[in-house]
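Q: Those protein sequence lines, which keep their order, are chains A and B.
The opening position of the first sequence corresponds to residue 15 in this note's numbering, with each subsequent residue numbered one higher.
The opening position of the second sequence corresponds to residue 148 in this note's numbering, with each subsequent residue numbered one higher.
Backbone N, C-alpha and C define an ideal beta-carbon position, used for all residues, glycine too.
All of these numbers come straight from a predicted model, not from anything done at the bench.
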Amino acid sequence: MTNEQKAELTRTWADPPGLWGFLTTVDHKRIAARYICSTIALLFLAGMLALDMRLQLSQPGMQRMDPQEYNEAFSLHGSTMLFLVSVPVMEAMALWLVPLMLGQRNVAFPRLSAFSYWLYLGGVLMLWVPHALNITPDLGWFEYPPLSGPAYSPGHRADIWAQMITFTEVAALAASVNIVATILKMRPPGMTLARMPLFLWAMLIASLMTILALPSVMLVTSMLISDRLVATHFFAPAGGGDVLLFQHLFWFFGHPEVYIIFVPAIGFVSAIVEVFARRPMFGYRAMVLSMVAIGVLAFGLWVHHMFAVGLPRIGNAFYTAASMAIAFPAGIQIFCWIATLWSGRPRFDTPLLWIVAFLVTFVVGGLSGVMAAAAPLDLQLTDTYFIVAHFHYVLVGGAMFPLFGAFCFWYPKATGRLMSEAWGKLAFWLIAGGFNLGFFPMHLLGLMGMPRRVYTYPAELGWGTLNLVATIGSAIAVLGGVVFVVNALVSLRRGKPAGPDPWGGATLEWAAPSPPPQHNFDWMPVETSLAPMWDAKDGLAVMEGLATGSREVLVTSLVEAEPEYRQHSVGPSIWPLVSGLAVSALFVGSIFTPWALVWGALPVGAALTLWFWPTRPRATAGPFARRSG
Amino acid sequence: MNTIPVRVTGDLSALPGSASGAKHVVWWGNFGFMLIEGMAFLLAGACYLYLIGRSPSWPPPGDALPDLTWSSIFTAALVASQAPNLWLLRESKRKREKPVRWLALAMTGIGIGLVALRAVELGHLNVRWDHDAYGSVVWMLMVLHTSHIATELGETGVQTVWLFTHEIGDDQYSDVEDDSNYWSFVVLAWLPIYLLVYWVPRWV
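#1: Between Glu103(B) and the rest of its own chain, which residues show a CB-CB distance below 6 angstroms, the 5 nearest in sequence each way excluded?
#2: Nearest by alpha-carbon distance to Gly358(A): which of Ile286(A), Ala526(A), Leu616(A) is it?
#3: Excluding the 5 residues preceding and the 5 following Gly253(A) in the sequence, name in chain order all residues of the same chain whose CB lies nearer than 7 angstroms to its CB.
#4: Indicate whether Val172(B) and Lys43(A) have their beta-carbon atoms separated by less than 9 angstroms.
#5: I need the boundaries of the alpha helix (DSSP H) containing Asp66(A), first residue and last residue.
#6: I'd like the span of the beta strand (DSSP E) that includes Thr235(A), first residue to last.
#7: Distance cutoff 9 angstroms, beta carbons only. Does Ser434(A) sit that close to anything in chain B?
#8: Count Cβ pairs between the region 263–282 of chain B and the region 211–219 of chain B that sit closer than 8 angstroms; are there 3 or more?
#9: Who does Pro577(A) pair with in a DSSP beta bridge?
#10: Please classify Pro608(A): does DSSP put it in a helix, a strand, or coil?
#11: Which residues mark the beginning and the end of the beta strand (DSSP E) in which Glu558(A) is found?
#12: At the level of alpha carbons, what is the spacing between Phe627(A) and Arg508(A)?
#13: Nearest CA to the CA of Pro81(A): which residue from Pro144(A), Leu600(A), Asp152(A), Val556(A)?
#14: Taking the C-alpha atoms as reference points, what is the distance between Asn177(B) and Leu554(A)?
#15: Excluding the 5 residues preceding and the 5 following Asp515(A) in the sequence, name in chain order all residues of the same chain whose CB lies nearer than 6 angstroms to its CB.
#16: State the DSSP-derived secondary structure class of His406(A), mapped to helix, strand or coil.
#17: Give me the chain B residues within the contact set of Trp316(A), using Cβ-Cβ distance strictly less than 8 angstroms, ordered along the chain.
#18: Within 10 angstroms of its Cβ, does Lys510(A) collect 16 or more other Cβ (buried), or is it exposed?
#19: For my contact list, Val573(A) and Thr206(A) are in at a C-beta cut-off of 8 angstroms; report their separation, rounded to the angstrom.
#20: Consider the Cβ of Asp325(B): report whether some Cβ of chain A lies at a distance smaller than 9 angstroms.
#21: For the region 185–196 of chain A against the region 119–130 of chain A, do three or more pairs of beta-carbon atoms, one drawn from each stretch, fall closer than 8 angstroms, so that the two count as touching?
#22: Quick one: does Thr429(A) have its CB under 9 angstroms from some CB of chain B?
#23: With a threshold of 8 angstroms on Cβ separation, who are the neighbours of Trp350(B) within its own chain once the five nearest residues in sequence on each side are excluded?
#24: With 9 angstroms as the threshold, decide whether the Cβ of Ala161(B) is near any Cβ in chain A.
#25: Give the single residue among Val597(A), Gly314(A), Ala28(A), Gly324(A) whose Cα lies nearest to the Cα of Pro270(A).
#26: By DSSP, does Val153(B) sit in helix, in strand, or in coil?
#27: Please classify Leu233(B): is it buried, with 16 or more other beta-carbons within 10 angstroms of its beta-carbon, or exposed?
#28: For Trp205(B) versus Val344(B), is the C-beta spacing smaller than 9 angstroms?
#29: Do the region 359–374 of chain A and the region 402–418 of chain A touch if we need at least three Cβ pairs shorter than 8 angstroms?
#30: Under the criterion of a Cβ to heavy atom distance below 8 angstroms, does Gly559(A) qualify as lining the ligand ATP?
#31: Arg431(A) and Leu503(A) - do their beta-carbons sit closer together than 9 angstroms?
#32: Am I right that Glu324(B) and Lys240(B) are in contact with their C-beta atoms under 8 angstroms? What's the rounded C-beta distance?
#33: Around the Cβ of Tyr166(A), are there at least 16 other Cβ atoms within 10 angstroms (buried) or fewer (exposed)?
#34: For Pro531(A), name the three-state secondary structure that DSSP assigns.
#35: Would you grab the beta carbon distance between Gly297(A) and Ala353(A) for me? Rounded to a whole angstrom, and I think it's under 8 angstroms.
#36: Helix, strand or coil, according to DSSP, for Pro270(A) in the structure here?
Structure below.
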């Protein structure tokens with residue numbers, strides 16, 4: 015490629031300058047970066063809420079929070095962490111990484127990713143602006159009726175929670191469809207399904223799970239809003255409804271949700287283990303099959319969240335067995351990672367340290383999960399701090415630790431600079447140590463009978479010391495979080511220049527410059543093996559021929575990744591933002607009046623029409639042809 | 148150096164600039180959204196069946212059965228609309244400008260007719276959504292499906308205007324194909340809902 019062609023390619027893919035460029039960009043990296051930054055800001059806010067709650071519980075009989083404030087704090091913390099941090103940050107990582115790992119210039123539907131972010135932001139505002147106005151949801155992260163129904167929760171707190179979910183789920187679904195289409199149809203020549211990096215398998219499976227699980231929560235929260243707004247009776251026993259229907263639908267989503275958060279982490283762990291063990295992943299096929307198994311089994315476990323509601327005993331027995339069964343594929347993966355590290359030449363830089371912490375913490379969380387999967391034991395443990403400990407071990411240990419490792423691993427690719435190893439290790443020990451100090455005592459507190467969601471407890475129960483230890487641990491972890499973020503910010507300017515491939519990476523994203531230009535690659539890479547970068551001794555095999563004067567991406571066949579055609583990739587547009595605003599108006603309006611669904615649909619339709627209106631010459635034939643002369 | 152060495156092994160410039168059917172990437176996006184909405188229909192249907200199990204009789208005592216006349220006319224018309232729709236699909240695959248324009252216009256007209264029929268049908272459900280859980284779940288299924296008919300009508304209408312006023316390129320023929328596939332989805336999704344709402348209460 016000549017220098018003129020390179021310059022033309024850069025011009026073709028450049029965003030408009032300034033604010034207009036910010037609002038109209040469809041660059042997957044810019045959109046994913048703002049997604050990731052937003053989730054980090056919310057992680058910080060949710061962490062502050064957690065610390066606030068830990069201070070309240072550090073001693074018996076504390077009165078710095080009243081019960082209402084405590085209810086609001088854990089509701090906001092849980093809802094933020096589940097809906098505004100964990101799921102979106104995984105999708106954001108995928109939006110950022112998937113095209114780079116495929117050697118592509120953008121995702122399949124660039125404007126859809128912009129729309130996804132704007133709606134996600136709408137969800138953030140939907141929860142946090144009312145909080146600023148003191149209308150905070152206060153019924154936990156799953157708002158069961160009848161408590162959340164019209165009789166017991168007047169006002170709009172419950173509606174705000176329910177509609178925040180609609181925002182974030184539409185955003186997540188849009189991102190997932192985009193990721194699935196990109197992975198299935200835009201793999202580089204040679205990257206057959208059997209030669210696809212595990213990270214891409216993980217994101218494909220997690221996105222498919224999202225597509226199948228999220229409609230359930232959108233349906234159930236819409237039913238809740240409709241019970242509250244137009245007096246339907248879905249969850250009102252007096253009208254023939256059933257409160258357990260809510261729980262079934264919620265957990266049909268809620269349990270796969272845990273794996274929608276965890277499966278991408280499997281992708282991070284596999285990518286990092288491979289590079290830092292300096293050998294190809296042990297048991298590639300076993301890893302893929304166990305991810306598929308987790309994806310399927312995750313849809314058959316939801317009732318284990320409902321053991322205490324009095325379902326038929328045979329049902330409990332079935333779901334106990336199914337819940338324990340999922341430990342098999344998870345166990346296979348753990349052994350594959352350990353085998354890879356064992357037989358490799360591991361290099362314990364910060365990203366790998368996070369993976370080691372993941373392995374230990376996730377196994378602890380997995381074991382307490384097997385305990386809680388047994389219905390008789392769950393009846394004793396449910397709604398105690400044992401469960402709080404369990405899900406923090408699996409979610410923080412199983413998903414956040416790999417995420418932090420992934421952040422350190424791909425940071426040099428995104429910024430062109432390495433994070434400081436010394437400060438990175440300090441942050442690691444503070445967070446991993448503080449976390450275990452903070453959450454391990456909660457297992458014991460749960461076994462001692464401390465219920466979750468209590469704002470305080472009397473001294474005679476003897477829970478004070480362990481609670482104080484838990485608070486100290488949490489504070490240390492938060493301090494570690496501050497060190498982590500400061501390290502990332504300082505390294506932006508002071509970090510050592512990284513070059514394209516600082517870790518000796520295996521997959522194609524390491525072939526792009528760091529940070530990648532807006533078009534990612536000058537050429538289209540060809541995948542020759544599972545680790546193309548390691549096998550490119552005489553240079554990476556690439557193909558040329560995609561246009562430089564217009565935005566083009568390559569579309570390939572589903573299984574074999576044979577080149578099929580060159581797809582025009584759309585450029586910057588303001589309409590995803592305008593559509594996002596119109597949809598937001600509809601969502602917000604519909605918690606006040608059902609007519610918002612009718613009148614709100616008109617601006618949505620208009621915005622979508624302008625978004626999708628193709629730009630082509632006017633017709634020259636037919637009744638509306640432009641007549642010349 | 149911020150770049151890595153490469154060796155050129157092939158050229159992609161001879162590839163076509165578009166494709167049709169499942170080769171086209173947008174086909175997969177369309178399929179993804181059908182999967183999402185199909186899942187919503189499935190779960191809404193599951194709610195209906197779940198609530199049957201919670202009620203001593205179905206419909207609950209005192210509720211009238213929904214009328215069959217208008218719903219059956221609507222169903223017959225909806226199924227019949229597949230004929231011009233599949234014709235449109237075939238013409239869009241052949242990239243024939245004139246029949247694609249006129250058939251899209253016909254589908255818009257059919258869509259308007261079906262929305263009108265649906266409005267009449269809704270008046271013959273014989274239960275309000277706020278009467279009991281039976282009414283709520285019947286209306287949920289109907290509103291879900293009606294919103295698809297209305298959205299599809301909007302999409303086909305806009306597409307028709309565009310088709311008549313512009314030169315049609317390969318990607319737009321693909322768009323017509325996707326729209327047509329989506330209509331098939333809306334038709335197919337209705338059949339189990341029709342059975343659930345109108346026939347299941349007569350059978351249980």
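A: Answer, in terms of the structure:
#1: Because chain B in this structure spans residues 148 to 351, residue 103(B) falls outside the shown range and cannot be described.
#2: Translated into positions along the first sequence, residue 358(A) becomes position 344. Distance check between Gly358(A) and each of Ile286(A), Ala526(A), Leu616(A) places Ile286(A) closest, using alpha-carbon atoms only.
#3: Here residue 253(A) is taken as the residue at index 239 of the first sequence, counted from 1. Closer than 7 angstroms at Cβ, skipping near neighbours: His247.
#4: Start at 1 with the first residue of the second sequence, and residue 172(B) comes out as number 25. Start at 1 with the first residue of the first sequence, and residue 43(A) comes out as number 29. It is not a contact, given that the beta carbons lie outside the stated cut-off.
#5: Counting from one through the first sequence, the residue named residue 66(A) turns up at place 52. Start and end: 42–71.
#6: As a first step, residue 235(A) is located in the first sequence; it is residue number 221 there, counting from the start. Thr235(A) -> not in any beta strand (DSSP E); alpha helix (DSSP H) instead, spanning 212–243.
#7: Working through the first sequence from its first residue, we reach residue 434(A) at position 420. Judged by the 9 angstroms Cβ criterion, Ser434(A) is not in contact with chain B.
#8: yes
#9: Residue numbering aside, residue 577(A) sits at position 563 when the first sequence is read from its first letter. According to DSSP, Pro577(A) bridges with Thr570(A).
#10: The residue labelled residue 608(A) in the question sits at position 594 within the first sequence. Note: Pro608(A) maps to coil in three-state DSSP.
#11: To locate residue 558(A), count along the first sequence from 1; it is residue 544. Here the beta strand (DSSP E) through Glu558(A) covers 554–558.
#12: In the first sequence, residue 627(A) corresponds to position 613, counting from 1. In the first sequence, residue 508(A) corresponds to position 494, counting from 1. Per the sequence shown, the amino acid found at residue 627(A) is Trp instead of Phe. The straight-line gap from Cα to Cα measures roughly 46 angstroms.
#13: Position 67 of the first sequence, counted from the start, is the residue given in the question as residue 81(A). For Pro81(A), the nearest C-alpha among the options comes from Asp152(A).
#14: Translated into positions along the second sequence, residue 177(B) becomes position 30. Translated into positions along the first sequence, residue 554(A) becomes position 540. Taking the straight line joining both Cα atoms gives about 35 angstroms.
#15: Locating residue 515(A) in the first sequence gives position 501, counting from the first residue. Correct list, in chain order: Trp524.
#16: By 1-based counting over the first sequence, the position of residue 406(A) is 392. Residue state, collapsed to three classes: helix.
#17: Numbered from 1 along the first sequence, position 302 holds the residue referred to as residue 316(A). For Trp316(A), none of the residues of chain B pass the 8 angstroms Cβ criterion, the least Cβ distance being about 12 angstroms.
#18: Translated into positions along the first sequence, residue 510(A) becomes position 496. Exposed is the call here.
#19: As a position in the first sequence, residue 573(A) is number 559, starting the count at 1. As a position in the first sequence, residue 206(A) is number 192, starting the count at 1. That pair is a contact at about 6 angstroms.
#20: Position 178 of the second sequence, counted from the first residue, corresponds to residue 325(B). For Asp325(B), the answer is no, since every Cβ of chain A falls outside 9 angstroms of its Cβ.
#21: yes
#22: Here residue 429(A) refers to the residue found at position 415 of the first sequence. It does not; no Cβ of chain B falls within 9 angstroms.
#23: One-based indexing of the second sequence puts residue 350(B) at position 203. Taken in chain order, the list of residues that qualify is empty.
#24: Looking up residue 161(B) in the second sequence gives position 14. Closer than 9 angstroms to some Cβ of chain A, the Cβ of Ala161(B) qualifies, so yes.
#25: The sequence position of residue 270(A) within the first sequence is 256, counting from 1. When each option's Cα is compared against that of Pro270(A), the closest is Gly314(A).
#26: Locating residue 153(B) in the second sequence gives position 6, counting from the first residue. Val153(B) falls in the strand class under three-state DSSP.
#27: In the second sequence, residue 233(B) corresponds to position 86, counting from 1. Leu233(B) comes out exposed.
#28: Taking the first residue of the second sequence as position 1, residue 205(B) is located at position 58. Taking the first residue of the second sequence as position 1, residue 344(B) is located at position 197. Their beta carbons are not under 9 angstroms apart, which means Trp205(B) does not touch Val344(B) by this criterion.
#29: yes
#30: Ligands are entirely absent from the displayed structure, and the ligand ATP is therefore not among its contents.
#31: If you number the first sequence from 1, residue 503(A) lands on position 489. If you number the first sequence from 1, residue 431(A) lands on position 417. Against a cut-off of 9 angstroms, the Cβ pair of Arg431(A) and Leu503(A) comes out as no contact.
#32: Taking the first residue of the second sequence as 1, we reach residue 324(B) at position 177. Taking the first residue of the second sequence as 1, we reach residue 240(B) at position 93. Their Cβ separation, rounded to whole angstroms, is 7 angstroms, which keeps Glu324(B) and Lys240(B) in contact under 8 angstroms.
#33: Here residue 166(A) refers to the residue found at position 152 of the first sequence. It counts as exposed.
#34: Within the first sequence, the letter at position 517 stands for residue 531(A). Three-state DSSP puts Pro531(A) in coil, outside helix and strand.
#35: Within the first sequence, numbered from 1, the residue matching residue 297(A) stands at position 283. Within the first sequence, numbered from 1, the residue matching residue 353(A) stands at position 339. Contact flag correct, Cβ pair sits at about 7 angstroms.
#36: In the first sequence, the residue the question calls residue 270(A) occupies position 256. DSSP places Pro270(A) in helix when its eight states are reduced to three.
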